[in-house]
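Heads up: the structure comes next, in structure tokens.
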Amino acid sequence: MTTELASIIDFIRYGASRFAAAGLTFGHSHDNPIDEATHLVLASLHLPPDIPPAYGAGRLTTAEREKVLALIERRVSERLPVAYLVGETWFAGLKFKSDRRALVPRSPIAELIESGFAPWLDERPVERALDLCTGSGCIGIAMAEYNPDWQVDIVDISDEALSLARENIVFQHLEGRVNAIQSDLFAGVAGQRYDLIVSNPPYVTEDEYAALPGEYAHEPKLGLTSGADGLDLCLRMLDEAADHLTDDGLLIVEVGESEQALAALLPQVPFVWIEFKVGQMGIFALERRDLVEYADAIHAVAAARHA
Numbered sequence: 001m002t003t004e005l006a007s008i009i010d011f012i013r014y015g016a017s018r019f020a021a022a023g024l025t026f027g028h029s030h031d032n033p034i035d036e037a038t039h040l041v042l043a044s045l046h047l048p049p050d051i052p053p054a055y056g057a058g059r060l061t062t063a064e065r066e067k068v069l070a071l072i073e074r075r076v077s078e079r080l081p082v083a084y085l086v087g088e089t090w091f092a093g094l095k096f097k098s099d100r101r102a103l104v105p106r107s108p109i110a111e112l113i114e115s116g117f118a119p120w121l122d123e124r125p126v127e128r129a130l131d132l133c134t135g136s137g138c139i140g141i142a143m144a145e146y147n148p149d150w151q152v153d154i155v156d157i158s159d160e161a162l163s164l165a166r167e168n169i170v171f172q173h174l175e176g177r178v179n180a181i182q183s184d185l186f187a188g189v190a191g192q193r194y195d196l197i198v199s200n201p202p203y204v205t206e207d208e209y210a211a212l213p214g215e216y217a218h219e220p221k222l223g224l225t226s227g228a229d230g231l232d233l234c235l236r237m238l239d240e241a242a243d244h245l246t247d248d249g250l251l252i253v254e255v256g257e258s259e260q261a262l263a264a265l266l267p268q269v270p271f272v273w274i275e276f277k278v279g280q281m282g283i284f285a286l287e288r289r290d291l292v293e294y295a296d297a298i299h300a301v302a303a304a305r306h307a
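So the sequence shown is numbered by full-length UniProt numbering: it starts at 1 and just counts up by one.
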């Protein structure tokens, strides 16, 4: 049957049909089989995602046909994320290298970066920013790309993730403005202060992890889970962040489905849950002054967690 496939559009349609029929999960940059198949086919042919529609009629060579069909079958049989299969994905309009050393880049924080963090930074000067738990480096690198005046540190505890992040720094030609640091949260940036700290830390609960579809098993568990309620790292971050923010500094953290658990643990803390185009996505903003005002309550919860 596949001998009838000829054009780029043919292979995208075929891939989308195979993916839908196989009941795959789409949670790594895409949410539907058509976008997933488009990513796989175009990337495997070294074509950009915004290729003019007229090129869709272009016919594949025999070698290209074999390569694309093999990747489609691996996506179905091995449940590998497309980004790992083709070695690249897109975040905030930028292309990043992607492999099993770090999670596939994905976060609603991309929308904040593209909008200049409006309205949060409208009247707030930023010279230094920190991307905590950076993984592939996508958030910190994108912040630097969109804000040429910023110096950005990106931090992760995983040496493997940082090796990928450093490759992405070079890939985006940002060696002079983005610095990758191996660190357990703030331990490696002692004495440093930032105008903005952004983090998409691990926040999947143990129960949620056990129920995740097979696609997520290919990603490093270290980048996904953070205790029974997904908040172990976030609470440490909240307890320590004030010491690493400037007086008018801002903290933005993604906790996903753990939003309700965090609000219940610290009901007095004025978390501002950010609205995105599709609604709330479990991402809060918090001023340094609020971290200082509620430091005792935050520390008590964090200390009890890590006793």
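For glycine and all other residues, C-beta sits at the position ideal for the given N, C-alpha and C.
With the cut-off set at 8 Å, would you say A70 and H28 are in Cβ contact?
Contact flag unset, no.
Who are the near neighbours of I109 in its chain, counting only those whose CB is closer than 8 Å to its CB and skipping five residues on each side?
I139, V198, N200, I252, E254, I283
Going by beta-carbon coordinates alone, are I298 and L266 separated by less than 8 Å?
yes
Whole-angstrom distance between T3 and Q182, CA atom to CA atom
49 Å
Alpha carbon to alpha carbon, what distance is there between L291 and L233?
Taking the CA atoms as reference points, L233 sits about 16 Å from L291.
When DSSP builds the beta bridges, which residues end up paired with N147?
Paired residues: none, contrary to the question.
List, from N- to C-terminal side, the beta strand (DSSP E) runs of 3 residues or more that fit wholly inside the stretch 22-96.
88-91
Hey, could you find the ends of the beta strand (DSSP E) L250 is sitting in?
Annotation for L250: the continuous beta strand (DSSP E) segment containing it runs 245-254.
Tell me whether the beta-carbon of S136 lies closer than 8 Å to the beta-carbon of N179.
no
Look at the alpha carbon of V152 and the alpha carbon of A6, and state the distance between them as a whole number of angstroms.
Their backbone Cα atoms lie some 46 Å apart in a straight line.
Just verifying my parser: in three-state terms, what is the DSSP assignment at A285?
Reduced to three states, the DSSP call for A285 is strand.
Considering only their Cβ atoms, is the gap separating I72 from G23 smaller than 8 Å?
no
Own chain partners of T38 with C-beta closer than 6 Å, once the 5 adjacent residues on each side are dropped
Hits under 6 Å: I12.
For K221, count the other beta carbons within 10 Å of its own beta carbon; 16 or more makes it buried, fewer makes it exposed. Which is it?
exposed
Which whole-angstrom value describes the C-beta separation of L250 and E287, a residue pair presumed to lie in contact below a C-beta threshold of 8 Å?
Between the beta-carbon of L250 and that of E287 there is about 6 Å, and that keeps the pair under the 8 Å contact cut.
Using 8 Å as the Cβ pair cut-off and three pairs as the minimum, do the stretch 142-161 and the stretch 207-216 touch?
Proximity of the stretch 142-161 to the stretch 207-216 falls short of the contact definition, fewer than three beta-carbon pairs being nearer than 8 Å.
Have a look at A300 and A285 and give me their C-alpha separation to the nearest angstrom.
21 Å
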